[in-house]
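> One structure, pasted below without further comment.
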Amino acid sequence: MPSRRHEHLFTQTVLGTWPAGGPDKDYADRIVAYLLKAAREGKDETGWTDPDQAYEAGLERFIRAALDPSGPFPAAIAPFAERLARIGAVNGLAQLAMQMTLPGVPDLYQGTEEWDLSLVDPDNRRPVDWDRLARQLEQVAEADPDELAAAWPDARIKHWLAARLLRLRREDPELFARGDYATVPAQGPAAAHVMAWRRSLDGRHLVVAVPRLVAGKLNGALGLTGFDGTALTLPDGHSVGDDVRGNEGSRADLGPVFGRLPVFLHRVGDRNGQ
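Using full-length UniProt numbering, the first residue of the sequence shown is number 1, and each one after it goes up by one.
Here it is, written out as structure tokens:
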């Protein structure tokens, strides 16, 4: 049997990396490799220079027995793990919007166009299937984001959002390279659950908002509840269209937006001054 410390680490690890289809042999192999490395680097029960083969064998048996799809552990942990995964997906899309629109140069690590459940090296150096990602990019380019959000475990919604945000940057690179940054306060009952900001340059604005602290607001696939009446005041100017989900006018109610996807983007003006 593993130590309490390693049993705790195992539980934390599987909660953070639980695969959408449940555990299989490949997943069990990855968790075994990760826990054995962690145990050796801890230098208590075993180590790199003097490995305790009996302890390591017992640790591996414990992991493989726990992750046996026919055993009781997967069925017991799956509901909680799946709830955490949905919270993580909402946060992941919000993080992606921040990464792509806040000041700085975004860096997409290889393979993170999708959900990244990699562990420490060498797990995070597994080969990326670039051909599959290229085909998927073509498929999601014109897809309905609501349909992608409904199937969020397959990660296409993240790929779609990454492509959309990169296209925004390509369409107006100067806005992101030289544009000012300022926070945009939210007003309303869920204002404390909103982070919003704008990038501005020469009369052009991009307003971005994402939710925070969402565990108590899950509602359907990636939709959130409790944001009705919570709004942003938009910069003056003509709307050239919303890129993910937005409203026309000087105020944007985030309820309908976050009820479908956890990202709000709103552009005002373009490079031609319109």
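Built from N, CA and C at the ideal position, the CB exists for glycine as well.
Nothing here was measured: the structure is a model prediction, and the numbers come from that model.
From the DSSP output, in three-state form, read off Y109 for me.
On the sequence shown, residue 109 is found 109 positions in, with the first residue counted as 1. Coil, per DSSP.
> Using 10 angstroms around the beta-carbon of T46, count the other beta-carbons present and answer buried if the total reaches 16, otherwise exposed.
As a working note, residue 46 is residue 46 in the sequence shown. Buried.
> Just confirm the distance between the C-beta atoms of A40 and P51, as a whole number of angstroms; I'd bet it's less than 8 Å.
Sequence index remark: in the sequence shown, residue 40 carries index 40 (1-based). Sequence index remark: in the sequence shown, residue 51 carries index 51 (1-based). One detail in the question is off: residue 40 reads as Arg in this sequence, not Ala. So it is a contact: roughly 7 Å between Cβ atoms.
> Determine the DSSP secondary structure at V140, reduced to helix, strand or coil.
Residue 140 sits at position 140 when you count from the first residue of the sequence shown. If DSSP states are grouped into helix, strand and coil, V140 belongs with the helices.
> May I ask you to list the residues that DSSP assigns as paired with L264?
Within the sequence shown, residue 264 is the residue found at index 264, counting from 1. Before going on, a small fix: residue 264 reads as Phe here, not Leu. Note: F264 sits in a beta bridge opposite A209.
> Check whether the stretch 168-187 and the stretch 145-152 touch, using three or more Cβ-Cβ pairs below 8 Å as the test.
No: the two stretches stay apart, fewer than three of their Cβ pairs being nearer than 8 Å.
> M100: buried (16+ other C-beta within 10 angstroms of its C-beta) or exposed?
Here residue 100 refers to the residue found at position 100 when the sequence shown is read from its first residue. M100 comes out buried.
> Can you tell me the Cα-Cα spacing of L93 and V268, whole angstroms?
Here residue 93 refers to the residue found at position 93 of the sequence shown. Here residue 268 refers to the residue found at position 268 of the sequence shown. The straight-line gap from Cα to Cα measures roughly 22 Å.
> CA-CA distance, R245 and V214?
Along the sequence shown, one-based indexing puts residue 245 at 245. Along the sequence shown, one-based indexing puts residue 214 at 214. Residue confidence is low: R245 scores 48 on pLDDT, short of 50, so the model does not pin down where it sits. Its coordinate-derived value is still stated next. Taking the straight line from one Cα to the other gives about 18 Å.
> With H, G and I counted as helix, E and B as strand and the rest as coil, what does DSSP make of T183?
The residue labelled residue 183 in the question sits at position 183 within the sequence shown. If DSSP states are grouped into helix, strand and coil, T183 belongs with the strands.
> Short of 6 Å in beta carbon distance, which residues of its chain neighbour F227, apart from the five on each side in sequence? Order them along the chain.
The count along the sequence shown starts at 1 and reaches residue 227 at position 227. The residues are A190, L254, G255 and F258.
> Identify the residues that DSSP records as bridge partners of T233: which are they?
Locating residue 233 in the sequence shown gives position 233, where the first residue counts as 1. Answer is R251, bridged to T233.
> If contacts are defined as beta-carbon pairs under 8 Å, then Q9 and L35 qualify, I think. What distance do you get, rounded to the angstrom?
Stepping through the sequence shown from its first residue, residue 9 is reached at position 9. Stepping through the sequence shown from its first residue, residue 35 is reached at position 35. The residue you asked about is not Gln; residue 9 is Leu in the sequence shown. L9 to L35, Cβ: 7 Å. Contact.
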